[in-house]
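Heads up: the sequence lines are chains H and Z, in that order. All residue numbers for the first sequence refer to this note's numbering, where the first residue is 1 and numbers rise by one. All residue numbers for the second sequence refer to this note's numbering, where the first residue is 1 and numbers rise by one.
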Amino acid sequence: MTKSELIARLAERFPQLVAKDADFAVKMILDAMSDALVRGDRIEIRGFGSFALNYRPPRVGRNPKSGDKVSVPAKWVPHFKAGKELRERVDKTA
Amino acid sequence: MTLTKAELADLLFERVGLNKREAKDMVEAFFEEIRNALEVGDGVKLSGFGNFQLRDKPQRPGRNPKTGQEIPITARRVVTFHASQKLKADVEQAYDGTTV
């Protein structure tokens, strides 16, 4: 499912709204989620999951082509942990 | 600060002009549609934000950390999230490692 398919499914769910509203809503939600992570805030959606930043310490890496050592600085990377409901619905064996 | 469904609904009320009921329902439906897609085995690609993918993990040996007893971890399907290049770059730029 792509973003435009998600927008189409939401527009179908809300026939009283104009299609543009679903489009705007999806973009607004995704922007707010991105902004939260960029600020270093967590996102917690009960039944879906949580997003947070994980720390990656600095390390010495290598250029795979030349084999030269390069220092890779510390950084933060977005991380998602699925919530209970999502985990259970996705895993039919559970 | 933690972003939750309540703040997202407030945003849709204030900025998109949905009424309070619609804003709350829209946020709920947004996550429910993503869960629905993943539940039927369909990955979700949200350009500019990231992709939710499904991975089938085989059974592997595990251990009860308290008792040390060996117990198999059963085969399962799990959700993984990969942030988009844009989101990763924006986060990295905001947090250049100096704030640790």
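Virtual Cβ for every residue (Gly too), placed ideally from N, Cα, C. None of the values given here were measured: they were computed from a predicted structure.
Sequence-distant residues of the same chain with beta carbon closer than 8 Å to E22/Z, five excluded per side: L12
7 Å Cβ cutoff, A19/H in contact with chain Z: no
Own chain partners of Q59/Z with C-beta closer than 8 Å, once the 5 adjacent residues on each side are dropped: P72, I73, T74 and A75
Where E33/Z falls, given that 16 or more other Cβ within 10 Å makes a residue buried: buried
Three-state secondary structure assigned by DSSP to V100/Z: Legend: pLDDT at V100/Z = 47, less than 50; position of this residue unreliable, value from coordinates given subsequently. Residue state, collapsed to three classes: coil.
Any chain Z beta carbon closer than 7 Å to A32/H: yes
Inside the stretch 3-49 of chain H only - alpha helix (DSSP H) runs reaching at least 4 residues: 3-13 and 19-39
F48/H beta carbon less than 7 Å from that of F81/Z: no
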